[in-house]
Structure formats: C-alpha cells, structure tokens
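**Q** If you count the sequence shown from 1, you need to add 27 to reach the numbering used here.
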Amino acid sequence: MMKIRIRIFILGLLLAFSNFLNAQSWTELQKIVASDRGAGDQFAVSVSISGDYAIVGAPQESEDASGNNFLARAGSAYIYERDGLGVWNEVIKVVASDRASLSLFGASVDINGTRAIVGAHDHLGVGAAYVFERDFLSGTWSEVQKLTRAFPASD
C-alpha cells in the first residue's frame, strides 16, 4: 500500500513524497507551486488533502483569480486534482467573493472530497470562512457559502 505525504517549506512550494507502507525511505514525487507564485505570498502556509484533491492556502497573495485587482494580503487558495498518472494539477485559484485587503484568505484550509473550506482570519476585522464545492457534471469549483460569526442583537 502506498502512502502520500505532503511536506511544506517556507520557500513557497510544496513537495509531495510517497513511500510504501513501513518503508524507511521516501521518494519525492512532484514539486508543486502556484501558477502565479510571487515572493511573500506564503504559498503552502496551510495545506489539506483528501483523496485526489488538495487545497493550498496563500494568505499573503494579493491578486484576484484572474491575476488582476491588487488588494494587499487579500489572500487566495489553490485547488489541485491528482490525475490517473498520479500527477497533481492546479485546476483553480479561488478567492473570496467579497475580497478585502488584509483578509488573509487561505490562512487555514481544509478539503473533504469535493467540498473545501477556506478561512480568512482577518476579513473585515472579524474573520470569515468560505465553502467551495466542485460541480459533479462540469468539474468546476464555486463558492457556495460564506460563514461568519453571528453577532447578538443590540440592546
């Protein structure tokens, strides 16, 4: 049985390693980087993997999904899918639908099958979490919900 392990490095890249169960050595499979990586993006500060899907956060990244609309440290996350040959391919860069400077979107990430959640620790000073789902037919990932703290009513 083969196990996959993800190793994180501060240099802004991700290395996938594998070994066979109970083996003493690990073999590097692939170096994973963001398609639009930049110095200081903090790519791979948060990583989650589930089956053939992985999500990688870059909370200091500043461009939107198309590479435009600069907002300092708004953040982003990258979703990867592993193909039939075992190669991890970037399929989409996701950002919050209501991006804001200093949100740090991508500071925390998790993925379970075709559902992912991305934390924006400082979004508008209170934080938020964004849920993304992969459409079964089209294969596209979309934001389906924003989660925020419920504030009590004023007296």
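Even glycine gets a Cβ: it sits at the ideal position worked out from N, Cα and C. The structure presented is a predicted model; accordingly, all values stated were derived computationally and were not measured.
1. Quick one: what's got a C-beta closer than 6 Å to Ile37's C-beta in the same chain, skipping five residues either side?
2. Where DSSP assigns a beta bridge to Val74, which residues make up the other side?
3. So, with DSSP's three-state summary, where would you put Leu174?
4. How big is the Cα-Cα spacing for Val145 and Trp115?
5. Assuming Val136 and Ala92 form a contact by the criterion Cβ under 8 Å, report the distance between their Cβ atoms to the nearest whole angstrom.
6. Here's the rule I'm using: 16 or more other beta-carbon atoms within 10 Å means buried, otherwise exposed. How should Arg176 be labelled?
7. Please state whether DSSP places Leu56 in a helix, a strand or coil.
8. I need the boundaries of the beta strand (DSSP E) containing Glu108, first residue and last residue.
9. Whose C-alpha, out of Glu117, Trp168, Val158, is nearest the C-alpha of Lys58?
10. So does the segment 123-132 actually touch the segment 105-114, counting three or more Cβ pairs closer than 8 Å?
11. Would Asn139 and Ser77 qualify as a contact pair, given that the criterion is a beta-carbon distance under 8 Å?
12. Kindly list the residues whose CB is nearer than 6 Å to the CB of Asp183, restricted to its own chain and excluding five residues on each side of it in sequence; keep chain order.
13. Suppose you measure from the CA of Gly67 to the CA of Glu90; what does that come to, to the nearest Å?
**A** The relevant details are as follows:
1. Residue numbering aside, residue 37 sits at position 10 when the sequence shown is read from its first letter. For Ile37, the predicted model reports a pLDDT of 36, less than 50, meaning its position is unreliable; a value from the coordinates is still stated below. The answer is none, since no qualifying residue turns up.
2. Here residue 74 refers to the residue found at position 47 of the sequence shown. Answer by DSSP bridge pairing, in chain order: Val83.
3. Taking the sequence shown and counting its residues from 1, one reaches residue 174 at position 147. Leu174: strand per DSSP, three-state reduction.
4. Position 118 of the sequence shown, counted from the start, is the residue given in the question as residue 145. Position 88 of the sequence shown, counted from the start, is the residue given in the question as residue 115. If you take the alpha carbons of Val145 and Trp115, they lie about 20 Å apart.
5. For the purposes of this step, residue 136 is taken as residue 109 along the sequence shown, with counting starting at 1. For the purposes of this step, residue 92 is taken as residue 65 along the sequence shown, with counting starting at 1. Actually they do not touch by this definition, with Cβ atoms about 16 Å apart.
6. Reading the sequence shown from its first residue, position 149 is the one you call residue 176. Its Cβ having fewer than 16 others within 10 Å, Arg176 is exposed.
7. Your numbering for residue 56 matches position 29 in the sequence shown. Here Leu56 sits in strand by DSSP.
8. Here residue 108 corresponds to residue number 81 of the sequence shown, with the count starting at 1. Looking at the DSSP string, the run of the beta strand (DSSP E) that includes Glu108 is 103-109.
9. Translated into the one-based positions of the sequence shown, residue 58 becomes position 31. The candidate whose alpha carbon is nearest that of Lys58 is Glu117.
10. no
11. By one-based count along the sequence shown, residue 139 stands at place 112. By one-based count along the sequence shown, residue 77 stands at place 50. Yes, Cβ-Cβ distance for Asn139 and Ser77 is below 8 Å.
12. The structure shown does not extend to residue 183, since the chain spans only 28 to 182, so no value can be given for it.
13. Taking the first residue of the sequence shown as 1, we reach residue 67 at position 40. Taking the first residue of the sequence shown as 1, we reach residue 90 at position 63. Between Gly67 and Glu90, the C-alpha separation is close to 13 Å.
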